[in-house]
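Participant:
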Amino acid sequence: MDTALGLLALAGYILAIVGLAAAITYTVIRIFPTERNPKKSDKSDKPDSNSGGEAGGRLFRRAKRGTT
0 MDTALGLLAL
10 AGYILAIVGL
20 AAAITYTVIR
30 IFPTERNPKK
40 SDKSDKPDSN
50 SGGEAGGRLF
60 RRAKRGTT
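Residue numbers (numbering that gives the first Met the number 0): 0 to 67.
1) If you follow the alpha helix (DSSP H) that L58 is in, where does it begin and where does it stop?
2) Pull up the distance between the alpha-carbon of I30 and that of I13, whole angstroms please.
3) In the DSSP assignment, find the unbroken alpha helix (DSSP H) run with T26 in it and report its ends.
4) For E34 and I28, I'd like the C-alpha separation in whole angstroms.
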């Protein structure tokens, strides 16, 4: 009998933790909603095409030597 009550208590504990996490998440989303249509910035996200070919706004540089 103690085993069954222990398992029910464990299941209740798990449900309480999951429910608390869901309630906190719901509350935070209600308090701090995200913008559905983000505002456009003055700068364009695309790099200039006349940048001379050096970095050109890329995150990683191209290798100087050819790949084989």
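We put the CB at the ideal spot given by N, CA and C, even for glycine.
Facilitator: The short version:
1) One-based indexing of the sequence shown puts residue 58 at position 59. Counting along the chain, L58 falls outside any alpha helix (DSSP H), and DSSP gives it neither H nor E.
2) Indexing the sequence shown from 1 puts residue 30 at position 31. Indexing the sequence shown from 1 puts residue 13 at position 14. Their backbone Cα atoms lie some 26 Å apart in a straight line.
3) Along the sequence shown, read from residue 1 onward, the residue named residue 26 stands at position 27. Element bounds for T26: 1-30.
4) The sequence position of residue 34 within the sequence shown is 35, counting from 1. The sequence position of residue 28 within the sequence shown is 29, counting from 1. C-alpha separation (whole angstroms): 11 Å.
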